[in-house]
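These notes concern the structure reproduced below.
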Amino acid sequence: MNTGRLAGKRALITGAAAGLGAQMARRFHQEGAEILVNDLRLEDAEAVAKEVGGTALVADVSDSDAVREMFGRVGREFGGLDILVNNAGIAFSGSPELSESFNQRLAQQAQEGMAGGPIETHLDFTVELSDEDWRRMIGVHMDGTFFCSREALKLMNAQNSGCIINMGSIMGTAGGAGAAHYCAAKAGILGFTRSLAREVVSRGIRVNALAPGFIDTDMTASIDAARPVIEASTPMGRFGEPDDIAWAAVYLASDEAKFVTGQTLSPNGGYYMSQ
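Using numbering that gives the first Met the number 0, the first residue of the sequence shown is number 0, and each one after it goes up by one.
The structure is reproduced here in structure tokens:
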């Protein structure tokens, strides 16, 4: 049902060709927003844009020049921007080689845990991270959030209004073995959110973050081996659904949250309480 909570709003969602970003695009459209779908994958971005009657914008958010060009187009063609969702991200297991090793060891550790025996498989991957693993993770998550926010604010400042939603993670608050680079990036985003919120509140711009728990997407499919352990640690007993995050984003973007800024909303099924 369309209640028009975002009627007339122009919303750019990064990393919106699939998963959480695509579902946010659908719900924002349902609530009346004009949708700009950003992703690196043109064909997939165009498919989502067609579904929601929006526009596909291809750009690598970790490339400041590409981001500047994308927001220049937004300003020229759409006259401004009301909502930015910094959703683009990459899997916390990193490069294909590291990911394969991580998933194998995670599966083994999960089996040890479920068997009730001692945990003999370790997830101490920090010593195995390459410079490129680290830089790529920080580049997509933190640089991307910064680059897109900086350009969006040039449009929002001129309007004295706007809303930015940054995508953190429960791993940015609780931490997670084997993913120090991902956790650091997500924790940095949460700190950036609070600082930026203080900077721009006088211009009528709100900045908040979402810090989801474990959600059923392609990105979390690689950790299915640990799913029973994660679900057992989650009071609600399940992984979240993309809609659980999409509706939270709708709330933060809407006037229902007009007195909310600098906050982190964490839909995680109670997982954080068990840590």
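Each residue gets a CB set at the ideal place from its N, CA and C atoms; glycine is no exception.
This one's a predicted model, so the numbers in the text were calculated from it and none came from an experiment.
**Asked** Glu150: buried (16+ other C-beta within 10 angstroms of its C-beta) or exposed?
**Response** Position 151 of the sequence shown, counted from the first residue, corresponds to residue 150. Label assigned to Glu150: buried.
**Request:** Identify, in the order they occur along the chain, each residue of the same chain with its Cβ nearer than 7 angstroms to the Cβ of Asp59, setting aside the five sequence neighbours on each side.
**Result:** What you label residue 59 is simply residue 60 of the sequence shown in a count that begins at 1. Leu39 and Ala65, listed in sequence order.
**Request:** Along the beta strand (DSSP E) that carries Asp161, what are the first and last residues, could you check?
**Result:** Position 162 of the sequence shown, counted from the first residue, corresponds to residue 161. Just to set this straight, residue 161 is Gly in the shown sequence, not Asp. Residue range Gly161 to Met166 is occupied by the beta strand (DSSP E) that includes Gly161.
**Between the CA atoms of Phe213 and Thr172 - distance to the nearest angstrom** = What you label residue 172 is simply residue 173 of the sequence shown in a count that begins at 1. What you label residue 213 is simply residue 214 of the sequence shown in a count that begins at 1. Inter-residue distance for Thr172 and Phe213 is about 13 angstroms (C-alpha atoms, whole angstroms).
**Message:** Alpha carbons only, please: which of Ser168, Leu189 and Arg135 is nearest the one belonging to Tyr279?
**Reply:** Coverage of the chain is limited to positions 0 through 274, which leaves residue 279 absent and any answer about it impossible.
**Message:** What does DSSP give as the partner residue(s) for Gly239 in the beta ladder?
**Reply:** Counted from its first residue, the sequence shown places residue 239 at position 240. Ile214.
**Request:** Identify whether Asp43 lies in helix, strand or coil by the three-state DSSP scheme.
**Result:** In the sequence shown, counting from the first residue as 1, residue 43 sits at position 44. Looking at Asp43 - three-state DSSP - the assignment turns out to be helix.
**Item:** Leu41 versus Thr13 - alpha carbon distance
**Value:** By one-based count along the sequence shown, residue 41 stands at place 42. By one-based count along the sequence shown, residue 13 stands at place 14. Computed Cα separation, rounded: 13 angstroms.
**Request:** Assign Asn267 to one of three DSSP states: helix, strand, or coil.
**Result:** For the purposes of this step, residue 267 is identified with residue 268 of the sequence shown, where counting begins at 1. Shown here, Asn267 sits in coil according to DSSP, grouped into three states, outside any helix or strand.
**Message:** According to DSSP, simplified to helix, strand and coil, what is Thr2?
**Reply:** In the sequence shown, the residue the question calls residue 2 occupies position 3. It is coil, neither helix nor strand.
**Asked** Does the region 134-141 come close enough to the region 81-91 that 3 or more CB-CB pairs lie under 8 angstroms?
**Response** Yes, the region 81-91 touches the region 134-141.
**Asked** Is the beta carbon of Arg277 sitting closer than 7 angstroms to the one on Asp81?
**Response** The requested residue 277 is not part of the displayed model; the chain covers only 0 to 274.
**C-alpha gap between Thr216 and Glu76, whole angstroms** = By one-based count along the sequence shown, residue 216 stands at place 217. By one-based count along the sequence shown, residue 76 stands at place 77. Answer to the nearest angstrom: the Cα atoms are 32 angstroms apart.
**Request:** Give the C-beta separation of Val206 and Ile163 to the nearest angstrom, bearing in mind that I take them to be a contact with Cβ-Cβ under 8 angstroms.
**Result:** Walking along the sequence shown from the start, residue 206 turns up at place 207. Walking along the sequence shown from the start, residue 163 turns up at place 164. Taking 8 angstroms as the upper bound for CB-CB distance, Val206 and Ile163 are in contact here, some 5 angstroms apart.
**Request:** Quick one: grab the DSSP three-state call for Val126.
**Result:** Locating residue 126 in the sequence shown gives position 127, counting from the first residue. Helix, per DSSP.
**Request:** Have a look at Arg193 and Phe70 and give me their C-alpha separation to the nearest angstrom.
**Result:** The sequence position of residue 193 within the sequence shown is 194, counting from 1. The sequence position of residue 70 within the sequence shown is 71, counting from 1. Using only the alpha carbons, I get a separation of about 23 angstroms.
**Request:** Buried or exposed for Ala196, please, with buried defined as at least 16 other CB atoms from any protein chain shown within 10 angstroms of its CB.
**Result:** Your numbering for residue 196 matches position 197 in the sequence shown. Buried.
**Request:** Would you mind sorting Gln103 into buried or exposed? The rule is 16 or more other CB atoms within 10 Å of its CB.
**Result:** The residue you call residue 103 lines up with position 104 of the sequence shown. The residue in question, Gln103, is exposed, as its Cβ has fewer than 16 Cβ neighbours within 10 Å.
**Asked** Per DSSP, what kind of secondary structure is Thr54 in: helix, strand or coil?
**Response** Within the sequence shown, the letter at position 55 stands for residue 54. If DSSP states are grouped into helix, strand and coil, Thr54 belongs with the strands.
**Request:** May I have the straight-line CA-CA distance separating Ala46 from His28, to the nearest angstrom?
**Result:** Position 47 of the sequence shown, counted from the start, is the residue given in the question as residue 46. Position 29 of the sequence shown, counted from the start, is the residue given in the question as residue 28. Their backbone Cα atoms lie some 14 angstroms apart in a straight line.
**Asked** In whole angstroms, what is the alpha-carbon distance linking Ile118 and Asp130?
**Response** Here residue 118 refers to the residue found at position 119 of the sequence shown. Here residue 130 refers to the residue found at position 131 of the sequence shown. Distance between the alpha carbons of Ile118 and Asp130: 29 angstroms.
**Message:** Quick check on the DSSP output: the alpha helix (DSSP H) that includes Glu198 runs from which residue to which?
**Reply:** For the purposes of this step, residue 198 is taken as residue 199 along the sequence shown, with counting starting at 1. Segment Ala179 to Val199, the alpha helix (DSSP H) holding Glu198.
**Prompt:** Taking the continuous alpha helix (DSSP H) assigned at Leu97, which residues delimit it?
**Reply:** Counted from its first residue, the sequence shown places residue 97 at position 98. Where Leu97 is concerned, the enclosing alpha helix (DSSP H) stretches over Pro95 to Met113.
**Message:** On a Cα-Cα basis, can you pick out the residue from Phe146, Glu240, Ile222 and Pro266 that is closest to Gln110?
**Reply:** Counted from its first residue, the sequence shown places residue 110 at position 111. For Gln110, the nearest C-alpha among the options comes from Ile222.
**Request:** Please name the residue or residues paired with Ala10 in a DSSP beta bridge.
**Result:** Residue 10 sits at position 11 when you count from the first residue of the sequence shown. Answer is Ile34 and Ile82, bridged to Ala10.
**Request:** Report the partner residues of Ile204 according to the DSSP bridge assignment.
**Result:** Mapped onto the sequence shown, residue 204 falls at position 205. Here Ile204 is bridged, per DSSP, to Gly161.
**Request:** Buried or exposed for Val36, please, with buried defined as at least 16 other CB atoms from any protein chain shown within 10 angstroms of its CB.
**Result:** Taking the sequence shown and counting its residues from 1, one reaches residue 36 at position 37. Result: buried.
**Prompt:** For Leu209 versus Leu128, is the C-beta spacing smaller than 7 angstroms?
**Reply:** What you label residue 209 is simply residue 210 of the sequence shown in a count that begins at 1. What you label residue 128 is simply residue 129 of the sequence shown in a count that begins at 1. Not closer than 7 angstroms, so no.
**Message:** Out of Gly31, Asp62, Leu83 and Gly175, which one is the CA nearest neighbour of Ala15?
**Reply:** Looking up residue 15 in the sequence shown gives position 16. When only C-alpha atoms are compared, the closest one is Leu83.
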